[in-house]
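Okay, so here's the structure we're looking at.
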Amino acid sequence: MKCMKKINKIVEYGLYALVFLLPWQTRWIIRGGELSGGYLEYETISLYATDILLFLVIAFFIVSKIIQKSPKKALTKAKISRVWIIVGLLELFVFISIFFAPLKSLALFAYGRLLLGIGLFWLVTEVKYNFTKLSLSFIAGAALQAGLGIWQFVTQSTFACKYLGMASHGPGELGTAVIETIASDGIGERWLRAYGGLDHPNILGALLAIALLLLTGIIIKSQAKKWKYLYYSLWLILLLGLFSSFSRTAWLAFSIGLLSVFIISVWQKKYLAQKRILQLVLMGSFLCFMFVSLYGGLVSTRLSMNSRLEKKSVFERVASIEQGKKVALNNLFFGAGISNFSRALTKVEPGERSWYYQPVHNTFLLVLSEIGIFGLIGFISLVFYLKIGKKYRQTNNVYKFGIYVSLMALLFFDHFWWSLHFGVLLFWFILGLKYRRE
3 MKCMKKINKI VEYGLYALVF LLPWQTRWII RGGELSGGYL EYETISLYAT DILLFLVIAF
63 FIVSKIIQKS PKKALTKAKI SRVWIIVGLL ELFVFISIFF APLKSLALFA YGRLLLGIGL
123 FWLVTEVKYN FTKLSLSFIA GAALQAGLGI WQFVTQSTFA CKYLGMASHG PGELGTAVIE
183 TIASDGIGER WLRAYGGLDH PNILGALLAI ALLLLTGIII KSQAKKWKYL YYSLWLILLL
243 GLFSSFSRTA WLAFSIGLLS VFIISVWQKK YLAQKRILQL VLMGSFLCFM FVSLYGGLVS
303 TRLSMNSRLE KKSVFERVAS IEQGKKVALN NLFFGAGISN FSRALTKVEP GERSWYYQPV
363 HNTFLLVLSE IGIFGLIGFI SLVFYLKIGK KYRQTNNVYK FGIYVSLMAL LFFDHFWWSL
423 HFGVLLFWFI LGLKYRRE
């Protein structure tokens with residue numbers, strides 16, 4: 003019995019540690035990706051430190067199940083059973099796509115990454131833990147990234163650290179995510195957007211949008227006044243980090259997510275939830291006013307989309323959708339192979355530089371391109387398998403719908419949820435929170 007308790011504690015606190023460390027990109031690059039004579043991150047095979055931790059937590063959880071000698075807890079409720087059937091079908095279509103992939107070793111690696119994501123989903127839905135502690139562990143990790151991102155934006159500098167998986171990003175370097183403005187003296191300025199410890203500011207923005215909505219849920223539910231100021235301080239740090247990322251998609255996703263939570267709270271006449279959301283909005287508005295007062299030119303440039311880089315960004319996204327359609331039509335039934343979109347794109351538009359061959363900026367179109375129409379049906383079935391029934395009529399769970407709405411917006415405007423290690427694990431973690439029975 004004592005052994006069982008220790009194993010359960012290892013699993014529980016291992017899960018807390020995992021979600022806290024999830025944003026850090028510490029890794030061993032097994033094979034660098036190369037395409038068209040240049041480096042390509044999307045074809046790089048790496049072993050991440052979080053992969054090892056996740057594997058160990060899963061292994062201990064399996065051991066605990068064996069020791070208990072309890073048969074697999076079949077997902078007795080119809081809803082859970084259907085979820086796992088959908089997950090199994092999605093995994094099957096991904097496996098089938100490996101046989102159609104030009105680079106099968108990369109596809110096999112991506113398949114393993116998907117299995118780890120499903121393993122995380124399993125842990126989040128089945129392990130016995132304190133939901134608030136898990137949420138706060140994730141939020142604390144996101145707040146650390148927000149603080150780092152704020153520092154990067156304010157100082158307009160970054161540093162490289164291989165032990166944290168961080169690369170240096172200078173505002174004057176080509177390929178760095180920046181905002182380009184024209185100063186009053188007519189000289190162009192390039193402002194570095196906040197990266198945190200992640201691969202791109204848009205990824206940081208997505209992380210912080212989800213963390214903000216999760217923290218909003220904790221604030222709505224919290225009855226302990228002693229934690230009030232800590233929660234509100236964390237919320238403001240996350241919001242300032244979100245501003246510093248200058249991710250339009252993340253701004254939009256967070257806004258509609260918070261708005262949806264408020265609307266449902268009004269509809270359900272949950273007055274305490276309304277009060278606390280309005281308090282957060284008031285504080286956030288003041289912070290937004292201060293930020294715009296200091297960096298109004300950058301905000302207007304980012305929102306107006308009239309500058310050279312903003313026009314280029316919009317053009318590249320539109321072109322990316324067209325590229326995705328071409329690849330999808332060429333591989334409609336079984337896909338081009340998971341993680342093989344860039345390789346397939348070279349057949350459609352050959353002769354370009356390596357940086358040109360990026361995944362399409364739409365997760366649904368990317369899934370269709372890589373694992374085919376049947377795989378897309380499985381993915382859509384998983385993502386949209388949500389019923390706003392009794393579960394979402396409770397104040398305790400209404401914020402989950404806000405997270406879900408935010409995730410939908412993010413899936414439509416970016417690809418990292420399917421193409422990059424952190425995005426894959428974050429996606430399955432969010433789904434796990436969504437299906438978790440509190």
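Each number in my numbering corresponds to the 1-based position in the sequence shown with 2 added. Cβ coordinates follow ideal geometry from the N, Cα and C atoms, glycine included.
- Each of V301, G337, E351 was checked against the Cα of E324, and the nearest Cα belongs to E351.
- Here R355 has S38, G40 as same chain residues with Cβ atoms under 7 Å from its own Cβ, once five neighbours each way along the sequence are excluded.
- With 16 or more neighbouring CB atoms inside 10 Å of its own CB, V369 falls in the buried class.
- DSSP links S302 through a beta bridge to no other residue.
- For L241, the uninterrupted alpha helix (DSSP H) segment begins and ends at 230 to 247.
- I9 and S306 have their C-alpha atoms spaced approximately 54 Å apart.
- When the Cα atoms are used, S295 and L194 turn out to be separated by approximately 18 Å.
- Judged by DSSP secondary structure, S139 falls within the alpha helix (DSSP H) whose first and last residues are 133 to 157.
- The alpha-carbon separation between G121 and I258 amounts to approximately 30 Å.
- T183 carries a strand assignment under DSSP once its states are collapsed to helix, strand and coil.
- By the criterion of at least three beta-carbon pairs nearer than 8 Å, the stretch 113 to 132 is not in contact with the stretch 400 to 412.
- For S383, the enclosing alpha helix (DSSP H) covers residues 365 to 385.
- V59 places its beta carbon less than 8 Å from that of L125.
- For I47 and F291, the gap between their C-alpha atoms comes out near 43 Å.
- Y41 is bridged by DSSP to E36.
- For R250, the enclosing alpha helix (DSSP H) starts and ends at 250 to 269.
- Excluding its 5 nearest sequence neighbours in each direction, G34 has C-beta neighbours in its own chain below 8 Å: Y41, T46, listed in chain order.
- The continuous stretches of alpha helix (DSSP H) do not include I340, and DSSP gives it neither H nor E.
- Exposed is the label assigned to G174, since fewer than 16 other Cβ atoms lie within 10 Å of its Cβ.
- Here the stretch 20 to 35 makes contact with the stretch 420 to 436; the two share three or more CB pairs at distances below 8 Å.
- The beta carbon of P203 lies closer than 7 Å to those of A179, R195, A196, Y197, S247, F248, S249 in the same chain, with the five residues before and after it left out.
- L110 sits away from V96, with the two beta carbons spaced by 8 Å or more.
- By the Cβ rule, the stretch 138 to 148 does not count as touching the stretch 161 to 170, because fewer than three pairs are nearer than 8 Å.
- The C-beta distance from I221 to W237 rounds to 7 Å, short enough to meet the 8 Å contact threshold.
- Between I279 and F256, the CB-CB gap reaches or exceeds 8 Å.
- DSSP places M307 in the coil class of the three-state scheme, outside both helix and strand.
- Only exposed fits S302, as fewer than 16 other CB atoms lie within 10 angstroms of its CB.
- DSSP lists T183 as the beta-bridge partner residues of E191.
- Close CB contacts of I266 within its chain, under the 6 Å cut and outside five residues either way in sequence, are with V400 (chain order).
- Residue pairing for L49: DSSP places it in a beta bridge opposite W30.
- Straight-line spacing of the CA atoms in I54 and K277 works out to 43 Å.
- In this structure A148 is in contact with I239, their Cβ atoms being roughly 5 Å apart against a cut-off of 8 Å.
- Counting only unbroken stretches of 4 or more residues, the alpha helix (DSSP H) elements lying wholly within the stretch 97 to 132 are 106 to 128, in sequence order.
- Membership of M6 in the alpha helix (DSSP H) is indicated by the continuous run 4 to 23.
- The continuous stretches of alpha helix (DSSP H) do not include P352, and DSSP gives it neither H nor E.
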